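Line by line, the protein sequences are chains A and B.
Per our numbering, the first sequence starts with residue 1, numbered consecutively.
Per our numbering, the second sequence starts with residue 352, numbered consecutively.
Protein chains: 2
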Amino acid sequence: MIVPIELKQPPLRHYDITIDSLPELHYDRKVAVVSNPTVAGLHRARLEERLRAPEIEWIEVPDGEEYKTMETVLGILDRLFAAQFDRQSLLIAFGGGVIGDMTGFAASIYQRGIGFVQVPTTLLSQVDASVGGKTGVNNRWGKNLIGSFYQPEAVFIDPAFLRTLPPREYAAGLAEVIKMAVMFDREFFDFLESRDLRDEEAVTRMIARSVSLKAEVVNQDEKEKGIRAVLNYGHTFGHVVENETGYSRYLHGEAVAIGMVMANELAVDLGLLSREEAERIEALLKRYDLPVRYPIADVDAFYEHFFLDKKSAHGRIKFILPGGSIGTHVIRDDIDEARVKRVLARFGAAG
Amino acid sequence: MIVPIELKQPPLRHYDITIDSLPELHYDRKVAVVSNPTVAGLHRARLEERLRAPEIEWIEVPDGEEYKTMETVLGILDRLFAAQFDRQSLLIAFGGGVIGDMTGFAASIYQRGIGFVQVPTTLLSQVDASVGGKTGVNNRWGKNLIGSFYQPEAVFIDPAFLRTLPPREYAAGLAEVIKMAVMFDREFFDFLESRDLRDEEAVTRMIARSVSLKAEVVNQDEKEKGIRAVLNYGHTFGHVVENETGYSRYLHGEAVAIGMVMANELAVDLGLLSREEAERIEALLKRYDLPVRYPIADVDAFYEHFFLDKKSAHGRIKFILPGGSIGTHVIRDDIDEARVKRVLARFGAAG
Numbered sequence: 001m002i003v004p005i006e007l008k009q010p011p012l013r014h015y016d017i018t019i020d021s022l023p024e025l026h027y028d029r030k031v032a033v034v035s036n037p038t039v040a041g042l043h044r045a046r047l048e049e050r051l052r053a054p055e056i057e058w059i060e061v062p063d064g065e066e067y068k069t070m071e072t073v074l075g076i077l078d079r080l081f082a083a084q085f086d087r088q089s090l091l092i093a094f095g096g097g098v099i100g101d102m103t104g105f106a107a108s109i110y111q112r113g114i115g116f117v118q119v120p121t122t123l124l125s126q127v128d129a130s131v132g133g134k135t136g137v138n139n140r141w142g143k144n145l146i147g148s149f150y151q152p153e154a155v156f157i158d159p160a161f162l163r164t165l166p167p168r169e170y171a172a173g174l175a176e177v178i179k180m181a182v183m184f185d186r187e188f189f190d191f192l193e194s195r196d197l198r199d200e201e202a203v204t205r206m207i208a209r210s211v212s213l214k215a216e217v218v219n220q221d222e223k224e225k226g227i228r229a230v231l232n233y234g235h236t237f238g239h240v241v242e243n244e245t246g247y248s249r250y251l252h253g254e255a256v257a258i259g260m261v262m263a264n265e266l267a268v269d270l271g272l273l274s275r276e277e278a279e280r281i282e283a284l285l286k287r288y289d290l291p292v293r294y295p296i297a298d299v300d301a302f303y304e305h306f307f308l309d310k311k312s313a314h315g316r317i318k319f320i321l322p323g324g325s326i327g328t329h330v331i332r333d334d335i336d337e338a339r340v341k342r343v344l345a346r347f348g349a350a351g
Numbered sequence: 352m353i354v355p356i357e358l359k360q361p362p363l364r365h366y367d368i369t370i371d372s373l374p375e376l377h378y379d380r381k382v383a384v385v386s387n388p389t390v391a392g393l394h395r396a397r398l399e400e401r402l403r404a405p406e407i408e409w410i411e412v413p414d415g416e417e418y419k420t421m422e423t424v425l426g427i428l429d430r431l432f433a434a435q436f437d438r439q440s441l442l443i444a445f446g447g448g449v450i451g452d453m454t455g456f457a458a459s460i461y462q463r464g465i466g467f468v469q470v471p472t473t474l475l476s477q478v479d480a481s482v483g484g485k486t487g488v489n490n491r492w493g494k495n496l497i498g499s500f501y502q503p504e505a506v507f508i509d510p511a512f513l514r515t516l517p518p519r520e521y522a523a524g525l526a527e528v529i530k531m532a533v534m535f536d537r538e539f540f541d542f543l544e545s546r547d548l549r550d551e552e553a554v555t556r557m558i559a560r561s562v563s564l565k566a567e568v569v570n571q572d573e574k575e576k577g578i579r580a581v582l583n584y585g586h587t588f589g590h591v592v593e594n595e596t597g598y599s600r601y602l603h604g605e606a607v608a609i610g611m612v613m614a615n616e617l618a619v620d621l622g623l624l625s626r627e628e629a630e631r632i633e634a635l636l637k638r639y640d641l642p643v644r645y646p647i648a649d650v651d652a653f654y655e656h657f658f659l660d661k662k663s664a665h666g667r668i669k670f671i672l673p674g675g676s677i678g679t680h681v682i683r684d685d686i687d688e689a690r691v692k693r694v695l696a697r698f699g700a701a702g
């Protein structure tokens, strides 16, 4: 006998990303704001001014990628249990990508899932992490290896939060913006090249374009079965760099900048990108003091690390590369190990 | 500026539950079977005979509800990372409800979600846990408080596995079957009363009916916003009993049996169920040696425990009760604290 299961309730599949001054947020349910001491120190008053709810719990976790762990998430859940949060309660992620990823993950597994809202305060999280519903934590095997796909109820992006962002973190966010341009939009790349990306009007336009590009991709392919993989340009290499350096030497966006340069080098080797365009991309990264070189100590070990990446389906490494020029992309899983290692060797300890 | 997110890919929303002798299971991806030493000892050879995959990993976790913890799930994930499982890999839950809940949860958070298949080997998991996509683990705050809604790719129910099930566990499964009949289907209750529920032909019919009833409910209301809550008849009380006794004295189904009797007592008090029908239900439970009494040491503490239940929205306790007679149901969240405590007092230490 066969009993068919055909779930008739579609899950919540749409919500808005608002890019504007933070609006009034009024909720009639218990709310917990998850943040860290740095963000809370700078902006807690601003959020409290806008937020109304019958009960507001502030949960602060330590600041830094090294605390993006299951342990921290379990600590957040424990605070929610202690405060008797129920299935109607709401979490607000108030901080950068680390806060967003952990808060979303916590929301997805607290009592089998409660609502959450993103209020990203860094450039990286505004243009990238807050869009698309990826949540997760790192572990000893790599980055974001435990987590879920879980969409927020809403995202509020207020560029004013960026005024207090350290320049190094700001630049790390720019790396992801440049990534979007290189993969999808040559005109956008020209815009980025032609403007001072610290100017507030340019910044707002840049965020809006980045978010729109990412939203288009995510709308088509939430679970990364196809085109969403293109967002991982620079990440395949970058994740290994982060892993080898214990997630402490580079910010995520910095590792992505290095990863893009590595991917470009491979693309040039394959004839998919001209040396000149590779240099344009590298020059734009360098203009904002992003790192573009990483000395690979052991090419074989570096290569082996690729296989822990979630994108390496069936033991094949998926490389995301410019597809002929800036503004285009290609996904390749057929690249020779020898070729990849030869390109990696150019980044050797002496490189 | 507002960027709308409208995800266009619906997630996988249908799959089949097959009630029959275990078919051949051929997969072209890495497979990990999650089981425990008890089930593996009895049935590993039978599953291995049917299962073909390029790589099969056996993962055994300790047997028992007390191991249904985040720690055990993280141990499963660690084995998958060590074996370099990727996003295309598959988990098979091979065991009872504890194995199913933990395997489903592990599948839902490994690399943001991989596929899983249920092969339930206990009556409880065949009629209940394997249908509906609830996953999760217990913690010090209560049962199933951390988890997700995550549907399997397929469920294979083979009644032959029940031949080796200890009578006490078998009876615990019957409690959930009786629950379904009391809530939804008077004729099915008559059938259960009239047959020997250890007879194999009756068992297969009983499983099929139970699964169909549950599937109907889940199809309408996966996330338990409405009618699915009715499946918690007996559970609101039962969870407190399990929690107070440290999840060790009673099997889950036994606690549910006690919980149904408590719920019935409240229903009789409210005039929603006749004393006679309450006794019919109690008699059927007793016929299979299910416990029907639990001495409540502290009525106030017992009542307080309700509020940790996921079903207690906004601090109101949702009671699921027979709605007038066997085969009907009602959800009530307006019952006087004093009335509930008076009824609970009848189960006092001397009761």
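Glycine included, every Cβ here is placed at the ideal spot set by N, Cα and C.
As the structure is a prediction and not an experimental result, all values here were calculated from the model.
**Message:** Quick check on DSSP: helix, strand or coil for B:Val488?
**Reply:** Counting from 1 along the second sequence, the entry for residue 488 of chain B is found at position 137. In this structure, B:Val488 counts as strand in the three-state DSSP scheme.
**Prompt:** Do you know how far the Cα of A:Leu80 is from the Cα of A:Ala32?
**Reply:** Here residue 32 of chain A refers to the residue found at position 32 when the first sequence is read from its first residue. Here residue 80 of chain A refers to the residue found at position 80 when the first sequence is read from its first residue. Their backbone Cα atoms lie some 8 Å apart in a straight line.
**Item:** Euclidean distance between Cα positions of A:Pro4 and A:Ala129
**Value:** The residue labelled residue 4 of chain A in the question sits at position 4 within the first sequence. The residue labelled residue 129 of chain A in the question sits at position 129 within the first sequence. One C-alpha to the other measures close to 37 Å.
**Message:** Can you tell me whether B:Lys485 is buried or exposed? The criterion is at least 16 other CB atoms within 10 Å of its CB, across all chains shown.
**Reply:** Taking the second sequence and counting its residues from 1, one reaches residue 485 of chain B at position 134. It counts as buried.
**Request:** Throw me the rounded Cβ distance for the A:Thr18 and A:Phe156 pair, which I believe falls under 8 Å.
**Result:** The residue you call residue 18 of chain A lines up with position 18 of the first sequence. The residue you call residue 156 of chain A lines up with position 156 of the first sequence. Indeed, because the Cβ distance is near 5 Å, the residues count as touching under 8 Å.
**Message:** Strictly below 7 Å CB to CB, what residues from chain E border B:Phe512?
**Reply:** Judged by its chain identifiers, the structure shown contains no chain E, and its protein chains are A and B.
**Asked** From B:Gly675 to B:Ala396, what does the alpha carbon distance come to, in whole angstroms?
**Response** Locating residue 675 of chain B in the second sequence gives position 324, where the first residue counts as 1. Locating residue 396 of chain B in the second sequence gives position 45, where the first residue counts as 1. Cα-Cα distance, rounded: 48 Å.
**Asked** Cβ of A:Ile331 within 7 Å of Cβ of A:Lys318?
**Response** In the first sequence, residue 331 of chain A corresponds to position 331, counting from 1. In the first sequence, residue 318 of chain A corresponds to position 318, counting from 1. Yes, these two residues count as a Cβ contact at 7 Å.
**Message:** Any beta carbon of chain A sitting closer than 7 Å to that of B:Ser563?
**Reply:** As a working mapping, residue 563 of chain B is identified with position 212 in the second sequence. With 7 Å as the cut-off, B:Ser563 counts as an interface residue toward chain A.
**Request:** Kindly indicate if chain B contains any beta-carbon less than 7 Å away from that of A:Phe81.
**Result:** As a first step, residue 81 of chain A is located in the first sequence; it is residue number 81 there, counting from the start. Chain B contact via Cβ: present.
**Request:** Would you decide whether A:Lys225 is buried or exposed? Buried here means 16 or more other CB atoms lie within 10 Å of its CB.
**Result:** Here the question's residue 225 of chain A lines up with position 225 in the first sequence. Classification of A:Lys225: exposed, given that the 10 Å Cβ count is below 16.
**Request:** Identify which residue in B:Glu504, B:Arg438, B:Thr587, B:Gln435 has its Cα closest to the Cα of B:Asp367.
**Result:** Looking up residue 367 of chain B in the second sequence gives position 16. Among B:Glu504, B:Arg438, B:Thr587, B:Gln435, the Cα nearest to that of B:Asp367 belongs to B:Glu504.
**Neighbour list for A:Arg249 in chain B, Cβ cutoff strictly below 7 Å** = Position 249 of the first sequence, counted from the first residue, corresponds to residue 249 of chain A. Ordered by position in chain B, no residue passes the 7 Å Cβ test against A:Arg249, which lies about 23 Å from the chain.
**Simplified DSSP state of A:Gly173, which is helix, strand or coil** = In the first sequence, the residue the question calls residue 173 of chain A occupies position 173. Helix, per DSSP.
**Request:** Output the distance between the C-alpha atoms of B:Ile407 and B:Lys381, rounded to the nearest integer angstrom.
**Result:** Locating residue 407 of chain B in the second sequence gives position 56, where the first residue counts as 1. Locating residue 381 of chain B in the second sequence gives position 30, where the first residue counts as 1. Going from the Cα of B:Ile407 to the Cα of B:Lys381 covers about 6 Å.
**Prompt:** Taking Cβ-Cβ distances shorter than 9 Å, what residues in chain A pair up with B:Gln477?
**Reply:** The residue you call residue 477 of chain B lines up with position 126 of the second sequence. Within chain A, no residue comes near B:Gln477; the closest Cβ sits about 12 Å away, beyond 9 Å.
**Request:** Can you pull the chain A residues whose beta carbon is under 7 Å from the beta carbon of B:Trp492, in chain order?
**Result:** Here residue 492 of chain B corresponds to residue number 141 of the second sequence, with the count starting at 1. The contacting residues are Phe81.
**Request:** Compute every distance between the C-beta of A:Glu169 and the non-hydrogen atoms of the ligand MN, then say whether any falls below 6 Å.
**Result:** Absence of the ligand MN from the depicted structure is noted, as is the absence of any ligand whatsoever, leaving it without description.
**Message:** I'd like to know whether the C-beta atoms of A:Leu165 and A:Ala181 end up nearer to each other than 7 Å.
**Reply:** Translated into positions along the first sequence, residue 165 of chain A becomes position 165. Translated into positions along the first sequence, residue 181 of chain A becomes position 181. No, the pair does not count as a contact, with Cβ atoms beyond the cut-off.
**Neighbourhood of B:Phe500 by C-beta, 8 Å cutoff - its chain only, sequence neighbours within 5 removed** = Against the second sequence, residue 500 of chain B aligns to sequence position 149. These residues qualify, in order along the chain: Gly484, Lys485, Thr486, Glu573, Lys574.
**Request:** Helix, strand or coil for B:Val506, going by three-state DSSP, please let me know.
**Result:** The sequence position of residue 506 of chain B within the second sequence is 155, counting from 1. Reduced to three states, the DSSP call for B:Val506 is strand.
**Request:** Can you grab the Cα-Cα spacing for the pair A:Glu71 / A:Pro62, in whole Å?
**Result:** Indexing the first sequence from 1 puts residue 71 of chain A at position 71. Indexing the first sequence from 1 puts residue 62 of chain A at position 62. Distance between the alpha carbons of A:Glu71 and A:Pro62 is about 12 Å.
**Message:** Using the three-state DSSP reduction, which class does B:Gln571 fall into: helix, strand or coil?
**Reply:** In the second sequence, the residue the question calls residue 571 of chain B occupies position 220. Helix, per DSSP.
**Prompt:** Which residue comes first and which comes last in the beta strand (DSSP E) that contains B:Ala383?
**Reply:** Here residue 383 of chain B is taken as the residue at index 32 of the second sequence, counted from 1. Where B:Ala383 is concerned, the enclosing beta strand (DSSP E) stretches over 382–386.
**Prompt:** DSSP puts A:Gln118 in a beta bridge; with which residues?
**Reply:** Here the question's residue 118 of chain A lines up with position 118 in the first sequence. DSSP lists A:Ala93, A:Val155 as partners of A:Gln118.
**Message:** Which residues does DSSP list as the beta-bridge partners of B:Arg683?
**Reply:** Translated into the one-based positions of the second sequence, residue 683 of chain B becomes position 332. For B:Arg683, which the question treats as bridged, DSSP gives the partners B:Phe670.
**Asked** Are the C-beta of A:Phe421 and some C-beta of chain B separated by less than 7 Å?
**Response** Here chain A comprises residues numbered 1 to 351, so residue 421 of chain A is not present and cannot be evaluated.
**Asked** Between the C-alpha atoms of A:Val230 and B:Pro642, what's the straight-line distance to the nearest angstrom?
**Response** As a working mapping, residue 230 of chain A is identified with position 230 in the first sequence. As a working mapping, residue 642 of chain B is identified with position 291 in the second sequence. Rounded to whole angstroms, A:Val230 to B:Pro642 spans 58 Å at the Cα level.
**Prompt:** By a C-beta neighbour count over all protein chains shown, 10 Å radius and 16 as the cutoff for buried, is B:Val453 buried or exposed?
**Reply:** Along the second sequence, one-based indexing puts residue 453 of chain B at 102. Per the sequence presented here, residue 453 of chain B reads as Met, with Val not at that position. Counting other Cβ atoms within 10 Å of its Cβ, B:Met453 reaches 16 or more and is therefore classed as buried.
**Prompt:** Sorted by chain position, which residues of the same chain lie with C-beta nearer than 6 Å to A:Leu145's C-beta, five sequence neighbours on each side aside?
**Reply:** Here residue 145 of chain A corresponds to residue number 145 of the first sequence, with the count starting at 1. These residues qualify, in order along the chain: Asn139.
**Request:** With 8 Å as the limit, tell me which residues of the region 405–421 of chain B have their beta carbon closer than that to any beta carbon of chain A; keep them in chain order.
**Result:** Answer in chain order: Met421.
**Request:** Flag this pair as yes or no: are the beta carbons of A:Tyr247 and A:Lys179 separated by less than 7 Å?
**Result:** For the purposes of this step, residue 247 of chain A is identified with residue 247 of the first sequence, where counting begins at 1. For the purposes of this step, residue 179 of chain A is identified with residue 179 of the first sequence, where counting begins at 1. Their beta carbons are not under 7 Å apart, which means A:Tyr247 does not touch A:Lys179 by this criterion.
**Asked** Can you round the beta-carbon distance between A:Ala93 and A:Gly100 to whole angstroms, since I take them to be within the 8 Å contact cut?
**Response** On the first sequence, position 93 is the one that residue 93 of chain A refers to. On the first sequence, position 100 is the one that residue 100 of chain A refers to. Confirmed, Cβ separation roughly 4 Å.
**Request:** Buried or exposed for B:Ala629, please, with buried defined as at least 16 other CB atoms from any protein chain shown within 10 angstroms of its CB.
**Result:** Residue 629 of chain B sits at position 278 when you count from the first residue of the second sequence. Per the 10 Å Cβ criterion, buried.
**Prompt:** Hey, how far is the Cα of B:Glu627 from the Cα of B:Glu520?
**Reply:** For this step, residue 627 of chain B is matched to residue 276 along the second sequence. For this step, residue 520 of chain B is matched to residue 169 along the second sequence. Their backbone Cα atoms lie some 28 Å apart in a straight line.
**Prompt:** Cα separation between B:Asn570 and A:Glu6?
**Reply:** Taking the first residue of the second sequence as position 1, residue 570 of chain B is located at position 219. Taking the first residue of the first sequence as position 1, residue 6 of chain A is located at position 6. If you take the alpha carbons of B:Asn570 and A:Glu6, they lie about 6 Å apart.
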